[in-house]
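One structure is given below, encoded as structure tokens.
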Amino acid sequence: MAIAIDFGTSNTVISRWNPVTQTPEILKVPGYSLQQAPNPPLIPSLVYVENAESEQVIIGQPVRDRGLDLAQDTRFFSHFKRGIGTPIQGFLPQLDGVTIQFEQVGTWFLTHLFNQINLEESLIVTAPVDSFETYRHWLGQVCQTWSVDKVRMIDEPTAAALGYGVGDRNLILVVDFGGGTLDLSLVQLNSNGIKSEGKAANPLGFVLKWGAKSFEEKSGQQVKTARVIAKAGLNLGGSDLDHWITDELIAQYDLVQSLSLTRLAEKLKIQLSSRTTATEVYFDRNSLESYELKLTRKQLQSILEDRKFFDQLDTIMAQVLQQATREGVNKSQIDSVLLVGGTCQIPAVQGWIKGYFEEKQVRCDKPFEAIAEGALQLVQGVELQDFLYHSYGIRYWNRRTKSHSWHPIIPEGQPYPMSKPIELMLGASAENQPKLEFVLGELGAQTGGTEIYFDGDRLITRILSGDKRSVTPLNDTENARTIANLNPPGIPGSDRIRVLFQVDRERFLRITVEDLLTNQTLLNNQVVVQLS
Numbered sequence: 001m002a003i004a005i006d007f008g009t010s011n012t013v014i015s016r017w018n019p020v021t022q023t024p025e026i027l028k029v030p031g032y033s034l035q036q037a038p039n040p041p042l043i044p045s046l047v048y049v050e051n052a053e054s055e056q057v058i059i060g061q062p063v064r065d066r067g068l069d070l071a072q073d074t075r076f077f078s079h080f081k082r083g084i085g086t087p088i089q090g091f092l093p094q095l096d097g098v099t100i101q102f103e104q105v106g107t108w109f110l111t112h113l114f115n116q117i118n119l120e121e122s123l124i125v126t127a128p129v130d131s132f133e134t135y136r137h138w139l140g141q142v143c144q145t146w147s148v149d150k151v152r153m154i155d156e157p158t159a160a161a162l163g164y165g166v167g168d169r170n171l172i173l174v175v176d177f178g179g180g181t182l183d184l185s186l187v188q189l190n191s192n193g194i195k196s197e198g199k200a201a202n203p204l205g206f207v208l209k210w211g212a213k214s215f216e217e218k219s220g221q222q223v224k225t226a227r228v229i230a231k232a233g234l235n236l237g238g239s240d241l242d243h244w245i246t247d248e249l250i251a252q253y254d255l256v257q258s259l260s261l262t263r264l265a266e267k268l269k270i271q272l273s274s275r276t277t278a279t280e281v282y283f284d285r286n287s288l289e290s291y292e293l294k295l296t297r298k299q300l301q302s303i304l305e306d307r308k309f310f311d312q313l314d315t316i317m318a319q320v321l322q323q324a325t326r327e328g329v330n331k332s333q334i335d336s337v338l339l340v341g342g343t344c345q346i347p348a349v350q351g352w353i354k355g356y357f358e359e360k361q362v363r364c365d366k367p368f369e370a371i372a373e374g375a376l377q378l379v380q381g382v383e384l385q386d387f388l389y390h391s392y393g394i395r396y397w398n399r400r401t402k403s404h405s406w407h408p409i410i411p412e413g414q415p416y417p418m419s420k421p422i423e424l425m426l427g428a429s430a431e432n433q434p435k436l437e438f439v440l441g442e443l444g445a446q447t448g449g450t451e452i453y454f455d456g457d458r459l460i461t462r463i464l465s466g467d468k469r470s471v472t473p474l475n476d477t478e479n480a481r482t483i484a485n486l487n488p489p490g491i492p493g494s495d496r497i498r499v500l501f502q503v504d505r506e507r508f509l510r511i512t513v514e515d516l517l518t519n520q521t522l523l524n525n526q527v528v529v530q531l532s
């Protein structure tokens, strides 16, 4: 049996392939899921730690049923997906003698959930396109500890395109806007190629192929392909809106910050998806007073505008459309726009989308289940070839700025496995240098970065402006930095070693190092780091 898990910031969805009906279906996990019409069964991505040392945790809907999400309790965790694989400013609690990390909370949640599922054969997990390799590597490591024969991974937006079942269309834009992230992915779903100025475009290299050659010969059908033309992501989601609404309520009603108030802010936001005015009753346990909280769509619009919300959305849309233009594809060629995630249900967000596209192009009828159902396509004879979302470079000392800078060596959008290695020449920088070393880094966007930190009990994401580039070092340890011991020692003034970089099918970065002076191969296809 095949299972797909869409681990979300606010909610998690599990789907399974029904071999009888040959269709995907959303799985309800008794005791953990909440089914509230018209939505499918959703598992709240919540964890309450009863005992960290013995790893006793409560996850999902029982956390809410027992009111464990309403108290100011360091044992309660929500939106923890956002902190996984990301440097955090602030302190995480120490519980029962154990220092808690977001990776550990995520591991508890997913492992506890997996243990409730009867699974033996195949598992597919999804990941945001803007996640750094540390997140993907963490997710892969967690899954490898489970008793399952095969584990595969797919980008959330690409899975959504498959889940909507729009195979009769050509070019699809997926807008995946959940509780913690916004991911945009422009996907070409047919096998004919997009014509641009009389020639086929050269997409970035994400290829899905339904069926093998034997299937094509047996059925007489043409094998379909799906290619990602462009993709971009932003660490922004519904939880940010909840905090902004909470701040507005605190200012309007002179209240004090609390988790229960943030929970009501989320309910007000959800109500505004289907009505123009939302109300909730709030009881302040400190003052013992009750308040009727009110929020209108107009107020929410003002909150979003004050926080530069739409400016951030415009920036990420421009990135995707610019990538597409470089590949010979323009906006007029997009056939459908698929909306995924709870935040896409907000009328203001849908209005922003319709500012770019006609209403008939936009679909939002499967906001929660599309990703999990689409991921199951990978078990139906699908072969996956991806490309690197981030670029990678080596660190060097910039004498002009008197600080470390990064020289890109593997570009963003590089397909893997790589058909040809990338070559780099290095020389000694000091007399009688005994070894050469480098630090490899994963390079984020050059036009800005994301800062994640704590404000009281909140996990806050702030978009940095300016020309800052976020970088995640991948091998910055004493033993991992050295790539060549030089005998005889190196001297400045000439190239000493030739380094060949290669990314294999499993996303391992491998290097071959040749000593140009002695004609010796110092390293041969050596793994430096796994990129996922």
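Quick note: the sequence shown, position 427, residue 427 per the UniProt record's numbering, numbers continuous.
Even for Gly, the Cβ is constructed at its ideal location relative to N, Cα and C.
Cβ-heavy atom distance, residue i to the ligand FAD, below 6 Å
{"i": "ARG285", "result": "This structure does not include the ligand FAD; it has no bound ligands of any sort."}
Straight-line Cα distance separating residue j from residue i
{"i": "GLU431", "j": "GLY490", "result": "7 Å"}
{"i": "PHE7", "j": "VAL125", "result": "8 Å"}
{"i": "THR315", "j": "ASN286", "result": "42 Å"}
{"i": "ARG400", "j": "HIS407", "result": "15 Å"}
{"i": "PHE310", "j": "PRO488", "result": "59 Å"}
{"i": "ILE154", "j": "GLY67", "result": "34 Å"}
{"i": "LEU186", "j": "ILE172", "result": "6 Å"}
{"i": "ALA71", "j": "GLU327", "result": "51 Å"}
{"i": "THR31", "j": "ALA230", "result": "The question names Thr, yet the displayed sequence has Gly at residue 31. C-alpha separation (whole angstroms): 40 Å."}
{"i": "residue 534", "j": "GLN414", "result": "With the chain covering 1 to 532 only, the question about residue 534 has no answer from this structure."}
{"i": "ILE394", "j": "SER336", "result": "40 Å"}
{"i": "ILE5", "j": "PRO41", "result": "13 Å"}
{"i": "GLN36", "j": "GLU156", "result": "23 Å"}
{"i": "GLN323", "j": "THR276", "result": "37 Å"}
{"i": "ARG136", "j": "THR296", "result": "39 Å"}
{"i": "ALA251", "j": "VAL349", "result": "24 Å"}
{"i": "LEU500", "j": "ASN519", "result": "15 Å"}
{"i": "THR134", "j": "SER258", "result": "32 Å"}
{"i": "PRO434", "j": "ASP495", "result": "15 Å"}
Short Cβ contact (7 Å threshold) for residue i with residue j
{"i": "ASN18", "j": "PHE368", "result": "no"}
{"i": "SER273", "j": "HIS79", "result": "no"}
{"i": "LEU184", "j": "ALA127", "result": "no"}
{"i": "THR21", "j": "LYS81", "result": "no"}
{"i": "ARG498", "j": "PRO417", "result": "no"}
{"i": "LEU426", "j": "LEU436", "result": "yes"}
{"i": "ALA160", "j": "ALA375", "result": "no"}
{"i": "VAL439", "j": "ARG507", "result": "no"}
{"i": "PHE76", "j": "ASP69", "result": "yes"}
{"i": "THR410", "j": "TYR392", "result": "Reading off the sequence shown, one finds Ile at residue 410, where the question assumed Thr. Contact: yes."}
{"i": "GLN61", "j": "LEU95", "result": "no"}
{"i": "LEU293", "j": "GLU280", "result": "yes"}
{"i": "GLY493", "j": "SER470", "result": "no"}
{"i": "LYS366", "j": "TYR164", "result": "yes"}
{"i": "LEU123", "j": "VAL148", "result": "yes"}
{"i": "VAL529", "j": "ASN485", "result": "no"}
{"i": "SER15", "j": "ALA370", "result": "no"}
{"i": "ASP515", "j": "LEU522", "result": "yes"}
{"i": "PHE114", "j": "TRP146", "result": "yes"}
{"i": "GLU442", "j": "HIS390", "result": "yes"}
{"i": "residue 562", "j": "LEU92", "result": "Here the chain comprises residues numbered 1 to 532, so residue 562 is not present and cannot be evaluated."}
{"i": "VAL527", "j": "ILE483", "result": "no"}
Cβ-based burial, residue i [other Cβ within 10 Å; buried from 16]
{"i": "THR477", "result": "exposed"}
{"i": "PHE109", "result": "buried"}
{"i": "ASN118", "result": "exposed"}
{"i": "LEU288", "result": "exposed"}
{"i": "THR86", "result": "buried"}
{"i": "GLY106", "result": "buried"}
{"i": "ASN330", "result": "exposed"}
{"i": "GLY83", "result": "buried"}
{"i": "SER302", "result": "exposed"}
{"i": "VAL13", "result": "buried"}
{"i": "GLY355", "result": "exposed"}
{"i": "VAL256", "result": "exposed"}
{"i": "GLY220", "result": "The predicted position of GLY220 is uncertain, since its pLDDT is 37 and thus under 50; a value taken from the coordinates is nonetheless stated next. GLY220 is exposed by the Cβ-count criterion."}
{"i": "GLU197", "result": "Only weak support is given to the placement of GLU197: the predicted model assigns it a pLDDT of 37, under 50, and the question is left unresolved by the model."}
{"i": "ASN11", "result": "buried"}
Report task. Kindly provide the ranges of any alpha helix (DSSP H) runs that are 4 or more residues long and lie completely inside the stretch 68-122, ordered along the chain. Result -> Complete alpha helix (DSSP H) runs here, min 4: 102-114.
Requested in this report: Go through the stretch 137-192 residue by residue and report every complete run of the beta strand (DSSP E) that reaches 3 residues or more, in order.
Outcome: Listed in chain order, the beta strand (DSSP E) runs fully inside the stretch 137-192 are 150-155, 171-177 and 182-188, counting runs of at least 3 residues.
Query raised in the report: Using 8 Å as the Cβ pair cut-off and three pairs as the minimum, do the stretch 329-349 and the stretch 173-186 touch?
Result: Because the criterion of three Cβ pairs below 8 Å is met, the stretch 329-349 and the stretch 173-186 touch.
Query raised in the report: Quick one: any contact between the stretch 46-58 and the stretch 228-236, if contact means 3 or more CB pairs under 8 Å?
Result: At 8 Å Cβ cutoff, the stretches do not touch.
Query raised in the report: Three or more beta-carbon pairs under 8 Å between the stretch 239-249 and the stretch 260-277, yes or no?
Result: The answer is yes - the stretch 260-277 touches the stretch 239-249, with three or more Cβ pairs under 8 Å.
**Report entry** Length at least 3, wholly inside the stretch 307-354: the beta strand (DSSP E) runs in chain order
**Finding:** Counting whole runs of 3 or more residues, the stretch 307-354 contains the beta strand (DSSP E) stretches 336-340.
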